[in-house]
Amino acid sequence: MSPFQLAAAALDHAAVFVFAASGALAAAERKHDIVTFAFFAALTGVGGGTLRDLLIGAPVFWIHRPGYLVTCGAAALTIWIFGGGRRREQLLIWLDALGLSAYAVIGAAKALSLGVAALPAVVMGVMTATVGGVLRDVVAQHPSVLLRREVYVTAALAGAAIFVALTHLRLAVLPAGLAGFAVAFGVRAGAIRFGWTLPGFQPRVH
Amino acid sequence: MSPFQLAAAALDHAAVFVFAASGALAAAERKHDIVTFAFFAALTGVGGGTLRDLLIGAPVFWIHRPGYLVTCGAAALTIWIFGGGRRREQLLIWLDALGLSAYAVIGAAKALSLGVAALPAVVMGVMTATVGGVLRDVVAQHPSVLLRREVYVTAALAGAAIFVALTHLRLAVLPAGLAGFAVAFGVRAGAIRFGWTLPGFQPRVH
Amino acid sequence: MSPFQLAAAALDHAAVFVFAASGALAAAERKHDIVTFAFFAALTGVGGGTLRDLLIGAPVFWIHRPGYLVTCGAAALTIWIFGGGRRREQLLIWLDALGLSAYAVIGAAKALSLGVAALPAVVMGVMTATVGGVLRDVVAQHPSVLLRREVYVTAALAGAAIFVALTHLRLAVLPAGLAGFAVAFGVRAGAIRFGWTLPGFQPRVH
Numbered sequence: 001m002s003p004f005q006l007a008a009a010a011l012d013h014a015a016v017f018v019f020a021a022s023g024a025l026a027a028a029e030r031k032h033d034i035v036t037f038a039f040f041a042a043l044t045g046v047g048g049g050t051l052r053d054l055l056i057g058a059p060v061f062w063i064h065r066p067g068y069l070v071t072c073g074a075a076a077l078t079i080w081i082f083g084g085g086r087r088r089e090q091l092l093i094w095l096d097a098l099g100l101s102a103y104a105v106i107g108a109a110k111a112l113s114l115g116v117a118a119l120p121a122v123v124m125g126v127m128t129a130t131v132g133g134v135l136r137d138v139v140a141q142h143p144s145v146l147l148r149r150e151v152y153v154t155a156a157l158a159g160a161a162i163f164v165a166l167t168h169l170r171l172a173v174l175p176a177g178l179a180g181f182a183v184a185f186g187v188r189a190g191a192i193r194f195g196w197t198l199p200g201f202q203p204r205v206h
Numbered sequence: 001m002s003p004f005q006l007a008a009a010a011l012d013h014a015a016v017f018v019f020a021a022s023g024a025l026a027a028a029e030r031k032h033d034i035v036t037f038a039f040f041a042a043l044t045g046v047g048g049g050t051l052r053d054l055l056i057g058a059p060v061f062w063i064h065r066p067g068y069l070v071t072c073g074a075a076a077l078t079i080w081i082f083g084g085g086r087r088r089e090q091l092l093i094w095l096d097a098l099g100l101s102a103y104a105v106i107g108a109a110k111a112l113s114l115g116v117a118a119l120p121a122v123v124m125g126v127m128t129a130t131v132g133g134v135l136r137d138v139v140a141q142h143p144s145v146l147l148r149r150e151v152y153v154t155a156a157l158a159g160a161a162i163f164v165a166l167t168h169l170r171l172a173v174l175p176a177g178l179a180g181f182a183v184a185f186g187v188r189a190g191a192i193r194f195g196w197t198l199p200g201f202q203p204r205v206h
Numbered sequence: 001m002s003p004f005q006l007a008a009a010a011l012d013h014a015a016v017f018v019f020a021a022s023g024a025l026a027a028a029e030r031k032h033d034i035v036t037f038a039f040f041a042a043l044t045g046v047g048g049g050t051l052r053d054l055l056i057g058a059p060v061f062w063i064h065r066p067g068y069l070v071t072c073g074a075a076a077l078t079i080w081i082f083g084g085g086r087r088r089e090q091l092l093i094w095l096d097a098l099g100l101s102a103y104a105v106i107g108a109a110k111a112l113s114l115g116v117a118a119l120p121a122v123v124m125g126v127m128t129a130t131v132g133g134v135l136r137d138v139v140a141q142h143p144s145v146l147l148r149r150e151v152y153v154t155a156a157l158a159g160a161a162i163f164v165a166l167t168h169l170r171l172a173v174l175p176a177g178l179a180g181f182a183v184a185f186g187v188r189a190g191a192i193r194f195g196w197t198l199p200g201f202q203p204r205v206h
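The listed protein sequences derive, respectively, from chains A, B and C.
Quick note: the first sequence uses the numbering used here, first residue 1, plus one each step.
Quick note: the second sequence uses the numbering used here, first residue 1, plus one each step.
Quick note: the third sequence uses the numbering used here, first residue 1, plus one each step.
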């Protein structure tokens, strides 16, 4: 492995870890057991990437690389041991924000690397970033972060779009990816801290 | 492109458009922003066809043809601009009925064209027709149209079955498709307007 | 077909049948019509196996073997005719337990047969076993069995892990599969009858 590939793999595992931890935190709210923790960790940690791989026709990334499942298990165990405390809801939201930002870039990057055009690659980034969390919330019957008024999908969209645009301007993958991650995380952080929203739908009564 | 292929592509985009619009309308109920509108439009618009393609092992239709995503975006924008008014719920139901009827035929037709047998092709039509709406309702945490007592799945089943039967009787695809669409839409329209139901389950207490 | 293949196919259909019946029972709670019964039967009956096949890149098992859909239809009809009575909830839980146990083994076995490593094969068994029921509960908006405190995922995990471990110890597939099934069903039955739980998450307030 080149240092670059190593860095990419490390980032990928980090993204799986934070999303998996957010899944375990959702399980923690209902005082589930360690196996259910691991189930939610895996569902959330690899859900988005699994859909991405199915959609672009790539082999599903964790099937032939069991390390990703080990990462999910480690995340579940970490939350089991350290996940108590009053700030659980906050922690879930911030881990989700990190996962969202990382996956927006990773999803778009994998799609581009397989020859997908710019617009579907951006959509793939958005899907990869949001599907894990949606699965977590739907299966845990938890109010979906997607349905809150604060900016959420928009953060993933901004990050994926910036990354794809910079890549098309022939910027190297690493700086383009960092820029995409920073934009996505910045937008989402603003939404969490300051309640950033886009204008909502204003129906005109005809 | 032959005129026939052109007509097929136009119908396909029309079906994506109406389902996407129904997705945007579901987002409208919660006064979401334009990006969330587009997210629900894409989820609903391409969800059913995506599952169909995954199941039959075909390349996912919108990945290499970005035009479908543009159609979803246009549907989101249309609802954003014109979707107000008191009749929103009604509009959602009728757009859903159009999408249901079109996809029942399109899903079965694509399955048949790839050599799938009659029964699974009918099931594929039903799935393609219903999955987009189910995804929309589950993710939007909206009461699922599937769970209402009125005829819904039955309309898709009738349309797909008529289409597959007529095709097996060697009718050409276009008239068979129109007949299937008309039957599905007629059945669903009757359910919406007149509350058509099939006999419900009557448990006998033993 | 060899007698062994025949036995495997019979078991596979039996697993689809019991899960499909549990899906039809979920539809029965809302007094749905026979078509919706069949829809839920198919969703639950083939849902888990469909995801398994998509994940490991195998052709989806029911597409080219319409017999599985016939099995789902038969399950729907059986529940329609005989599914009344006060014990419906109980019946659903026990059919689900049978399906869970069978699929934990079948899912892991198919993954192993396609060269998947031990850990992902176990996870595949767990997913195949749980996804049909999760889909049923999410789409029927029924309180998910997954979210109850009793042991559920753990039963699938135990069965799949035993099966994969025994197979790696070079035990033949049939005894290993029976052992896996028995362990999964035993654990789940204990959970249903005696309320077996694993220790739940105990947050320490920091």
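Virtual Cβ for every residue (Gly too), placed ideally from N, Cα, C.
- The region 30 to 62 of chain C contains, as complete alpha helix (DSSP H) runs of 4+ residues, the segments 34 to 56 (chain order).
- Each of A:Val18, A:Ala75, A:Val105, A:Ala28 was checked against the Cα of Ala158 (chain A), and the nearest Cα belongs to A:Val105.
- The distance from the Cβ of Ala156 (chain B) to that of Ala184 (chain B) is about 6 angstroms, consistent with a contact at the 8 angstroms cut-off.
- Unbroken alpha helix (DSSP H) stretches of 4 residues or longer found wholly inside the region 105 to 186 of chain C: 118 to 139, 153 to 168, given in chain order.
- Approximately 37 angstroms separates the beta-carbon atoms of Leu198 (chain A) and Val126 (chain B); this is outside 8 angstroms, ruling out the contact.
- Only residues of its own chain outside the window of five on either side were considered, and among them Gly48, Leu100, Tyr103, Ala104, Gly107, Ala156 have a CB closer than 7 angstroms to the CB of Ala129 (chain B), listed in chain order.
- For Gly195 (chain A), there is no enclosing alpha helix (DSSP H), since its DSSP letter is neither H nor E.
- Contact check between the region 56 to 74 of chain B and the region 163 to 177 of chain B: fewer than three CB pairs, one atom from each, fall below 8 angstroms, which does not count as touching.
- Chain order gives the chain B residues near Phe39 (chain C) as Val126, Thr130, Leu146, Val153, where near means a beta carbon separation below 8 angstroms.
- Within chain C, the residues placing a beta-carbon under 7 angstroms from that of Ile34 (chain A) are Leu198, ordered along the chain.
- The beta carbon of Phe201 (chain B) falls within 9 angstroms of a beta carbon belonging to chain C, placing the residue at that interface.
- Between Phe40 (chain A) and the set A:His142, A:Gly195, A:Trp196, the nearest pair of CA atoms involves A:His142.
- At a beta-carbon threshold of 7 angstroms, none of the residues of chain A lie near Arg188 (chain B); the nearest stands roughly 26 angstroms away.
- Around Gly57 (chain A), the beta-carbon contacts reaching into chain B at under 7 angstroms are Pro59.
- When the five nearest sequence neighbours on each side are left out, no beta carbon in the same chain lies closer than 7 angstroms to the beta carbon of Ala172 (chain C).
- The Cβ atoms of Phe181 (chain C) and Leu95 (chain C) lie no closer than 9 angstroms to each other.
- Taking 9 angstroms as the cut-off between beta carbons, the residues of the region 88 to 121 of chain A near chain B are Ala111, Gly115, Val116, Ala117, Ala118, Leu119, Pro120, in sequence order.
- Taking C-beta atoms as the reference points, Gly200 (chain B) and Lys31 (chain C) count as a pair closer than 9 angstroms.
- Contact between the region 48 to 60 of chain A and the region 108 to 127 of chain A is present: 3 or more CB-CB pairs across the two stretches fall below 8 angstroms.
- About 4 angstroms separates the CB atoms of Phe37 (chain C) and Ala76 (chain C); that is less than 8 angstroms, so the two are in contact.
- Taking a Cβ-Cβ cut-off of 7 angstroms, the neighbours of Ile63 (chain C) in chain B comprise Leu55, Ile56, Val116, Pro120, given in sequence order.
- At least one beta carbon of chain A lies nearer than 9 angstroms to the beta carbon of Thr50 (chain B).
- Cβ-Cβ distances below 6 angstroms link Ser144 (chain C) to Asp137 in the same chain, with the five nearest sequence neighbours on each side left out; the list follows chain order.
- Around the beta carbon of Arg87 (chain A), a 10 Å sphere encloses fewer than 16 other beta carbons of the protein chains shown; the residue is thus reported as exposed.
- Taking Leu91 (chain B) as the centre and dropping the five residues before and after it, the same chain places the C-beta of Leu25 closer than 7 angstroms to its C-beta, in chain order.
- For Ile192 (chain A), the closest C-alpha among the options A:Phe17, A:Ser2, A:Ile93 is that of A:Ile93.
- For Pro66 (chain B), the nearest beta carbon of chain A is closer than 9 angstroms to its own beta carbon.
- Taking C-alpha positions only, Gly57 (chain B) is separated from Ile63 (chain C) by approximately 10 angstroms.
- Boundaries of the alpha helix (DSSP H) around Phe82 (chain A): 67 to 82.
- Gly83 (chain B) and Ala28 (chain B) do touch by the CB rule: their CB atoms are close to 5 angstroms apart, below 8 angstroms.
- Contact of Leu157 (chain A) with chain B by beta-carbon distance below 9 angstroms involves Val35, Ala38, Phe39.
- Contact of Val123 (chain A) with chain C is not assigned, every C-beta pair being separated by 9 angstroms or more.
- Chain-order list of chain A residues neighbouring Val139 (chain B): Val134, Val138, Ser144, Leu146, by C-beta distance under 8 angstroms.
- Here the alpha carbon of Ala118 (chain B) sits roughly 16 angstroms from the alpha carbon of Val60 (chain C).
- Per DSSP, reduced to three states, the secondary structure at Gly190 (chain B) is helical.
- Setting aside the 5 residues that flank it on each side, Gly177 (chain C) is surrounded in the same chain by Val105, Ala109, Phe163, each with a C-beta closer than 7 angstroms to its C-beta; the list follows chain order.
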